[in-house]
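Visitor: Below you will find the structure I want to go over with you.
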Amino acid sequence: MEVLIVGAGAMGRWFGESVDATPVFTDIDADAAASAADAIDGRVAAPDETYEVVCIAVPMSAAETAIAEYADRATEAIVDVTGAMAGPVAAMDAHAPDLERVSFHPLFAPENAPGNVAVVADSPGPATDTLRGSLAVAGNDLFETTSEEHDRAMDDVQSGAHAAVLAYALATEDVPERFQTPISGGLEALVEQMTGNNPDVYTEIQSTFDGAEDVAAAAARIADADDEEFRRLYREAGRTDDE
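Heads up, the sequence shown is in my numbering, so the first residue is 22 and it goes up one at a time.
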């Protein structure tokens with residue numbers, strides 16, 4: 022099986038390395054496609070070739086456009102690993118109604134693989150089953166969801182979580198390590214982890230999902246709370262109904 026991977030970034034390379042197929046790369050940056058192909062023993066796509074599977078591995082903001090452009094290059098299946106699901110699933114249904122269609126979201130950075138992979142199996146079949154099997158053999162834990170459930174969760178676990186960590190970093194000074202508590206030290210580690218990566222990735226997440234607004238609203242509630250209200254918010258944050 023050959024898989025055309027549209028997007029030669031880290032996630033496209035991860036997919037090419039993880040599945041039992043020959044990876045074929047295309048990218049708006051021809052040098053990036055060639056580098057990815059060389060790195061994992063793949064090849065660069067030729068114009069007008071077709072492939073059993075097309076995998077869309079571009080930024081979320083470009084996913085639907087890429088699906089429309091490359092759907093006719095697939096003969097059996099089209100999948101994506103872009104990070105959002107509602108838009109790509111709808112686009113694959115519109116532009117590839119006769120193909121197998123599955124959306125994958127690895128819930129980790131490629132350098133932290135393997136891990137949990139969310140799956141929306143909109144129209145599964147033999148080709149996508151083979152891909153899923155490869156991802157499982159590589160050590161990933163795949164679980165099925167819906168595009169609505171997935172995107173709603175991403176508001177919290179990506180947009181909201183990232184906004185909270187960055188807000189802490191922006192609101193605090195550089196405190197010597199000897200003053201750190203277990204909680205602040207943990208937050209400092211998260212700040213270091215996040216800010217050591219490509220900001221474009223986090224920009225895409227904030228543009229796509231809405232969790233940052235909820236974090237800002239919650240911070241305002243805490244800032245404005247008197248003692249009684251703070252105790253109530255503290256209990257609420259503990260996800261308990263005890264009063």
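Don't be surprised by glycine CBs; every beta carbon is placed ideally from N, CA and C.
If you're wondering where the values come from, they're calculated on a predicted model, not measured in any experiment.
From the DSSP output, which residues share a beta bridge with Asp248?
Guide: DSSP output for Asp248 lists no bridge partner at all.
Visitor: Please state whether DSSP places Glu194 in a helix, a strand or coil.
Guide: In this structure, Glu194 counts as coil in the three-state DSSP scheme.
Visitor: How would you label Val196, buried or exposed, when you count the other beta carbons within 10 angstroms and need 16 or more for buried?
Guide: Looking at its Cβ environment, which holds fewer than 16 other Cβ atoms inside 10 Å, Val196 is exposed.
Visitor: Using beta carbons (cut-off 8 angstroms, strictly below), is Val100 in contact with chain D?
Guide: Absent here is chain D; the protein component of the structure consists of one chain.
Visitor: What ranges does the alpha helix (DSSP H) occupy inside the stretch 145 to 206, keeping only unbroken runs of at least 4 residues that lie completely in it?
Guide: Whole alpha helix (DSSP H) segments, 4+ residues: 147 to 158, 168 to 175 and 182 to 192.
Visitor: How far does the alpha helix (DSSP H) with Phe125 in it extend, from its first residue to its last?
Guide: Where Phe125 is concerned, there is no enclosing alpha helix (DSSP H), although the beta strand (DSSP E) it sits in stretches over Glu121 to Pro127.
Visitor: If contacts are defined as beta-carbon pairs under 8 angstroms, then Val97 and Leu120 qualify, I think. What distance do you get, rounded to the angstrom?
Guide: One detail in the question is off: residue 97 reads as Glu in this sequence, not Val. The pair is a contact, with the Cβ atoms about 7 angstroms apart (cut-off 8 angstroms).
Visitor: Any idea if Val138 is buried or exposed, counting beta-carbon neighbours within 10 angstroms, 16 or more meaning buried?
Guide: Val138 is buried by the Cβ-count criterion.
Visitor: Please list the terminal residues of the continuous beta strand (DSSP E) segment that includes Asp101.
Guide: Per DSSP, Asp101 belongs to the beta strand (DSSP E) from Ala95 to Asp101.
Visitor: What does the alpha-carbon distance come out to for the pair Met81 and Ala31?
Guide: Taking the straight line joining both Cα atoms gives about 14 angstroms.
Visitor: Just to check my reading of the structure: Ala29 and Ser56 have Cβ atoms closer than 8 angstroms, yes? What is that Cβ distance to the nearest angstrom?
Guide: Contact flag correct, Cβ pair sits at about 7 angstroms.
Visitor: Taking the beta carbon of Ile243 as the centre, do at least 16 other beta carbons fall within 10 Å, making it buried, or is it exposed?
Guide: Result: exposed.
Visitor: Are the Cβ atoms of Thr149 and Val123 separated by less than 8 angstroms?
Guide: In this structure, Val123 lies closer than 8 angstroms to Thr149 by Cβ.
Visitor: Tell me which residues share the same chain as Ser168 and place their Cβ nearer than 6 angstroms to its Cβ, disregarding the 5 neighbours each side in the sequence.
Guide: So the list reads Met106, Ala107, Val110 and Val141, once near-sequence residues are dropped.
Visitor: Which first and last residues belong to the beta strand (DSSP E) in which Glu73 is found?
Guide: Note, Glu73: beta strand (DSSP E), Tyr72 to Ile77.
Visitor: Please report the Cβ distance between Tyr91 and Val27, rounded to the nearest whole angstrom; I am assuming they are in contact, meaning their Cβ atoms lie under 8 angstroms.
Guide: Correct: roughly 5 angstroms between the Cβ atoms.
Visitor: Helix, strand or coil: which one does DSSP assign to Val40?
Guide: Reduced to three states, the DSSP call for Val40 is coil.
Visitor: So, helix, strand or coil for Asp52, using DSSP?
Guide: Reduced to three states, the DSSP call for Asp52 is helix.
Visitor: With C-beta atoms as the reference, is Leu25 less than 8 angstroms away from Ala66?
Guide: Yes, they are a contact pair.
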